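Data block below; observations after.
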Amino acid sequence: MVILAAIIYWLLICASLHCDVYYLIFQTVIFIYITGEHHLLSLINNVSSGLQLQSITKSITNVEAPIKEKYGRNIILGTHKEGGAVTFWSHAVSLPLSSNAILSWKFCHVVHKLLRDGHPNVSHTASIRQMGTLWGNLHDRYGHIVALYAKLLCIKIDFHLKVSLMFPSLTYERDGSVCIINMSFFLNAVFRQMECSSTSSTTPVGQCRLAPLVLVIQDCGLLYHFLVKLLFKLHSRIPVDALLGHRERFREQFNSLTQFFERARGMEFFKSIIQIPDLPDEPPNFLRAASLADHVKPMVVQNETFPDYDETDTQLDFETEADTLRKELEVVKPELELIKVEAQRAVVQLKSQVNKLESELEDQRTHKQMALVENERLRMEVENLRAQTAVAASIQATVEDAVLENKVSSFVIDKLKMVKCLCHMVIVTVNGHDLLCQNAEMVKQLSSTQQAQEELLTYKQQMAVEVEQLRQDNSSKVTLHSFMVSISVFSVQLSLDSGLLQQKLQDEQFSLLQCAVVEAEGIVLDAVAKVDDPLHVRCISTPDYLINRAELTLASIDKMQQSQAAYLRNMDDASGLLRSVTQFSHLIADTIVNGAGTAHSAPTDQADRLTDNCRDCATHCLHIFRLDLCLCDVISDLSPGLLQDLLPRGADVRKEELAEMVDKEMAATSTAIEDAVLRMDEILSQARRDSSGVKLEVNQKLVWDIAIHMLVTAATDLQRDIVDNGRGAGSVKDFYAKNSRWTEGLISASKAVGWGATQMLESADKVVTDRGKYEELIVCSHEIAASTAQLVAASKVKADRGNKKLQTLQQASRHVNDMAAVVVSSTKSGQMQIENKNSMDFSGLSLIKLKTEEMDSQVKVLELEKQLVNERIRLGELRKKHYEMGGIPMDSPPGNTVNSFDSSLPTVFPDPPNMELPSLDHHQLMAGS
Numbered sequence: 001m002v003i004l005a006a007i008i009y010w011l012l013i014c015a016s017l018h019c020d021v022y023y024l025i026f027q028t029v030i031f032i033y034i035t036g037e038h039h040l041l042s043l044i045n046n047v048s049s050g051l052q053l054q055s056i057t058k059s060i061t062n063v064e065a066p067i068k069e070k071y072g073r074n075i076i077l078g079t080h081k082e083g084g085a086v087t088f089w090s091h092a093v094s095l096p097l098s099s100n101a102i103l104s105w106k107f108c109h110v111v112h113k114l115l116r117d118g119h120p121n122v123s124h125t126a127s128i129r130q131m132g133t134l135w136g137n138l139h140d141r142y143g144h145i146v147a148l149y150a151k152l153l154c155i156k157i158d159f160h161l162k163v164s165l166m167f168p169s170l171t172y173e174r175d176g177s178v179c180i181i182n183m184s185f186f187l188n189a190v191f192r193q194m195e196c197s198s199t200s201s202t203t204p205v206g207q208c209r210l211a212p213l214v215l216v217i218q219d220c221g222l223l224y225h226f227l228v229k230l231l232f233k234l235h236s237r238i239p240v241d242a243l244l245g246h247r248e249r250f251r252e253q254f255n256s257l258t259q260f261f262e263r264a265r266g267m268e269f270f271k272s273i274i275q276i277p278d279l280p281d282e283p284p285n286f287l288r289a290a291s292l293a294d295h296v297k298p299m300v301v302q303n304e305t306f307p308d309y310d311e312t313d314t315q316l317d318f319e320t321e322a323d324t325l326r327k328e329l330e331v332v333k334p335e336l337e338l339i340k341v342e343a344q345r346a347v348v349q350l351k352s353q354v355n356k357l358e359s360e361l362e363d364q365r366t367h368k369q370m371a372l373v374e375n376e377r378l379r380m381e382v383e384n385l386r387a388q389t390a391v392a393a394s395i396q397a398t399v400e401d402a403v404l405e406n407k408v409s410s411f412v413i414d415k416l417k418m419v420k421c422l423c424h425m426v427i428v429t430v431n432g433h434d435l436l437c438q439n440a441e442m443v444k445q446l447s448s449t450q451q452a453q454e455e456l457l458t459y460k461q462q463m464a465v466e467v468e469q470l471r472q473d474n475s476s477k478v479t480l481h482s483f484m485v486s487i488s489v490f491s492v493q494l495s496l497d498s499g500l501l502q503q504k505l506q507d508e509q510f511s512l513l514q515c516a517v518v519e520a521e522g523i524v525l526d527a528v529a530k531v532d533d534p535l536h537v538r539c540i541s542t543p544d545y546l547i548n549r550a551e552l553t554l555a556s557i558d559k560m561q562q563s564q565a566a567y568l569r570n571m572d573d574a575s576g577l578l579r580s581v582t583q584f585s586h587l588i589a590d591t592i593v594n595g596a597g598t599a600h601s602a603p604t605d606q607a608d609r610l611t612d613n614c615r616d617c618a619t620h621c622l623h624i625f626r627l628d629l630c631l632c633d634v635i636s637d638l639s640p641g642l643l644q645d646l647l648p649r650g651a652d653v654r655k656e657e658l659a660e661m662v663d664k665e666m667a668a669t670s671t672a673i674e675d676a677v678l679r680m681d682e683i684l685s686q687a688r689r690d691s692s693g694v695k696l697e698v699n700q701k702l703v704w705d706i707a708i709h710m711l712v713t714a715a716t717d718l719q720r721d722i723v724d725n726g727r728g729a730g731s732v733k734d735f736y737a738k739n740s741r742w743t744e745g746l747i748s749a750s751k752a753v754g755w756g757a758t759q760m761l762e763s764a765d766k767v768v769t770d771r772g773k774y775e776e777l778i779v780c781s782h783e784i785a786a787s788t789a790q791l792v793a794a795s796k797v798k799a800d801r802g803n804k805k806l807q808t809l810q811q812a813s814r815h816v817n818d819m820a821a822v823v824v825s826s827t828k829s830g831q832m833q834i835e836n837k838n839s840m841d842f843s844g845l846s847l848i849k850l851k852t853e854e855m856d857s858q859v860k861v862l863e864l865e866k867q868l869v870n871e872r873i874r875l876g877e878l879r880k881k882h883y884e885m886g887g888i889p890m891d892s893p894p895g896n897t898v899n900s901f902d903s904s905l906p907t908v909f910p911d912p913p914n915m916e917l918p919s920l921d922h923h924q925l926m927a928g929s
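So for the sequence shown, full-length UniProt numbering puts the first residue at 1; every next one is plus one.
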């Protein structure tokens, strides 16, 4: 059977070689008879190996043309018959791969074919990696793509060694892990070389470069299908957020593969060989499991014909080989008989030698085994030393790279800091230059004003001389007096102009400061936005660096406080405060951003607290900026440490004491109002005994403490109802502790109402006893109305809209507002009635006396106008200080705190109109004189 199979195999070979079949059959029978069965099988193997070597030699050549398909099939069949690739690699070692890039390119193509369709035992990465490294360092037209192709083959071999369930042809029997191989660099390099050399895909040169891409297209289609199935399976078992990076990388690979398929589909070379599948316009939606049913596996179909056959060359090659074999058989045939006789004679001699050699062989085997053991031990020691040397070299290289990166990063950071400082210095210099120009203009105006004042003084002296000369003349006394009054008016006007110029300079300085504050607010808000920015999640920082930035921020706060003190001493120069505000804003923004970065690497609880502290720090900074840098109390709170300073006001009060404080404050307010009612009755009784007429009527209209008492009583009832409805199963203290901010606002509102009632009582007592002013009653009425609105707003935060006690409180509030309006209107009308009684009597004044009184009144009007401007400025500063000490966040929404008065509430009664006097100028004075 073996002989028959050998004959059939030999006949098939002869038929493929187009030889004389009958002649070869005759020679085959003679050869079997002479040499026997064993020699026939060895001959068949030799012929198969020769055919494989011939295919290898004709495939891997330096001719720039594609590999013929028949040679590739012969090499693949040879590996399967041989059970490996020993013949291929033994011949590949002798190829001059390092001297010819085209030879290396075709070698990689053949290896790729063997990896896909050859015997599984063909992997040999050492020589491929060495060849890729060599051509990667050389600048050749094929060198770069050969290096990339070698790298791709090494990755493919490592991939199949790692994933044993995946066959080299990318088919599998069981579900297993799939790893995508990045082929984009290799594909782009091949296309880029073809574009640079203007090579067409229809020429042999272009086909030589494009032929390996056929295998790449087949691999890409299957890898894409496996990767889609794997990602759908991962999304069914792993949270979606954890696979965000996988989806982004898949989208990049999808776009690259789509572009490659579109580009390859337009080439004639690929159209004649394979059918490239169409990919969808968009990648699959892995977030929807039903999208897997819509996925279609991209199939790369190979055409039936492959245009690489050359029948003429094949026929000539086969005929030449047949003639050669025929001549060799004729020469060998007479010698075979002599060899057979000599072989029988030599067998006897060789048997004796064999026995002798067998004994020597045993000795050699023993020595060889010992040498192998020693060699293995030495080899292991050498491998250990090499591994240690490689580890040491890698560690040293890593340390050097890390040191270099640290130096470069520190250098870049220092340069960036220098650039930032220079930018700030340039901004401050420009602002300072503008400020100096404005100061120079102001100085010029002041100097001109002083010169005019000196001229007026000279003029005054001349007038004094004239007064001495004209003192004897009684008729000139009026004229002299008018000139003196004019001079005094001019001096007052000059002083007013000087004050206005000074105020204008200060306003300009303050406007520059406000611009710097607005810019600082923008920087802090940008830092707060980065805290919640998803892109900032990957940014981390260290606690040591955060502490360093916090210490620098605290130092800048002290510097800003000193600059503010200097600005308050001399408000004409705000340059120091501008620099301090700019530096503080950048440092606090850096601290907030680094705090958020530190929170990203901290435990959850500590990270939440640190993030909240950063936001509170930003809120306090914005609060500082929007209070026009009134830092006296806020900076002292911020100085000890960022985390402790960010606690809200009132945090020093224990929450279990809030309930007792609410009851005490409401009770104290109610008691104070009851005492005020009794005291008011006594005051009115005394007023009835001591007053009469209009004054008594005004005093009797001041009784409205009873309405305030009703308001406080309604607020107390509503507050208790809110606590009973909102505390649930908890205690009253727990409710107040849970709503501490609302509780603090309620306490503040009740204190304000009680204080207003007390102040009203004191003002009424002074008015009744002729020791006070009616304006004090008007101001107290305004304060009580505002406190009432604050108390109602604090109660409405937690109360239901349909609560009857809330309606009672609102009615009491409206009653208090009505009473306040009555007090204001009655006070004004009574004041006017009293003033009308004291009308001026001009009957006893002469014309000169009237003119003198008129000019004195004009001087007094100017003085009062200046005093009014100063008092309004002082009132604004007092209100700022009051808001600062009270801790009222001006920009916070009403839902966050009830300690702020809502400016959108309707005004209960209008303010009295301002009585403006006509302004007098120099021409009017001269005309009057």
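Idealized CB from N, CA, C, for every residue including glycine.
The model shown is predicted, which means the values in this text are computed figures rather than measured ones.
| Item | Value |
| --- | --- |
| Rounded separation between S781 and S556 - CA only | 44 Å |
| From I487, V492, K151 and M855, residue whose alpha carbon lies closest to that of K866 | V492 |
| DSSP state of I60 mapped onto helix, strand, coil | coil |
| Sub-8 Å separation of Q207 and P66 beta-carbons | yes |
| DSSP-derived helix/strand/coil call for I540 | coil |
| Buried or exposed by the 16-neighbour rule on C-beta atoms within 10 Å, applied to T79 | buried |
| Integer-rounded CB distance, given that I273 should sit under 8 Å from V300 | Actually they do not touch by this definition, with Cβ atoms about 10 Å apart. |
| Nearest neighbour of A150, chosen from T203, S90, P212 and G118 [CA to CA] | P212 |
| Beta-carbon proximity of L505 to D572, cut-off 8 Å | yes |
| Reduced DSSP category for V822 - H, G, I as helix; E, B as strand; rest coil | helix |
| L329 to D323 span [Cα, whole Å] | 10 Å |
| Simplified DSSP assignment, three categories, for V797 | coil |
| DSSP beta-bridge partners of Q302 | I274 |
| Best match in A393, K351 and L746 for proximity to Q790 [C-alpha to C-alpha] | L746 |
| Whole-number beta carbon distance between L512 and A574, since they are thought to touch under 8 Å | 6 Å |
| Boundaries (first-last residue) of the alpha helix (DSSP H) holding H225 | P204 to H235 |
| Contacting residues, own chain, Cβ-Cβ under 7 Å from R73 (five flanking each side not counted) | none |
| Option nearest D544 by Cα separation, candidates K156, T582, T598 and L845 | T598 |
| F250 beta carbon less than 8 Å from that of I223 | Looking at the sequence provided, one finds Leu at residue 223 rather than Ile. Cβ distance not < 8 Å, so L223 and F250 don't count as in contact. |
| The region 512-527 touching the region 581-593, judged by at least three CB pairs closer than 8 Å | yes |
| Span of the alpha helix (DSSP H) around F88 | V86 to V93 |
| Start and end residues, alpha helix (DSSP H) containing S291 | S291 to D294 |
| Stretch pair the region 99-112 + the region 125-135: three plus CB contacts closer than 8 Å | yes |
| Contiguous alpha helix (DSSP H) assignments of at least 4 residues, all confined to the region 564-616 | 575-600 |
| V524 and L622 closer than 8 Å at C-beta | yes |
| Contact between the region 750-762 and the region 710-719 (3+ Cβ pairs under 8 Å) | yes |
| Residue closest to A264, alpha-carbon to alpha-carbon, out of Q218, K229, I547 and I540 | Q218 |
| Reference V792; option with closest CA among K351, S813 and K805 | S813 |
| Contact belief for S580 with S601 at Cβ below 8 Å, rounded distance in angstroms | That pair is no contact at about 32 Å. |
| Cβ neighbours of H270 in the same chain (closer than 6 Å, five flanking residues each side left out) | Residue identity check: residue 270 is Phe in the sequence provided, not His. Closer than 6 Å at the Cβ level, and outside the excluded window around F270, lie A264. |
| Spatially closest choice to Q509 from E455, N548, K444 and L577, by CA coordinates | L577 |
| Residue closest to V296, alpha-carbon to alpha-carbon, out of N355, G221, N137 and V331 | G221 |
| Closer than 7 Å: V517 CB and nearest the ligand ADP heavy atom | Absence of the ligand ADP is noted for the structure shown, with no ligands found whatsoever. |
| Terminal residues of the alpha helix (DSSP H) in which F159 lies | G143 to K162 |
| Span of the alpha helix (DSSP H) around residue 935 | As shown, the chain starts at 1 and ends at 929. That puts residue 935 outside it, with no answer to give. |
| Contact belief for K798 with I722 at Cβ below 8 Å, rounded distance in angstroms | 5 Å |
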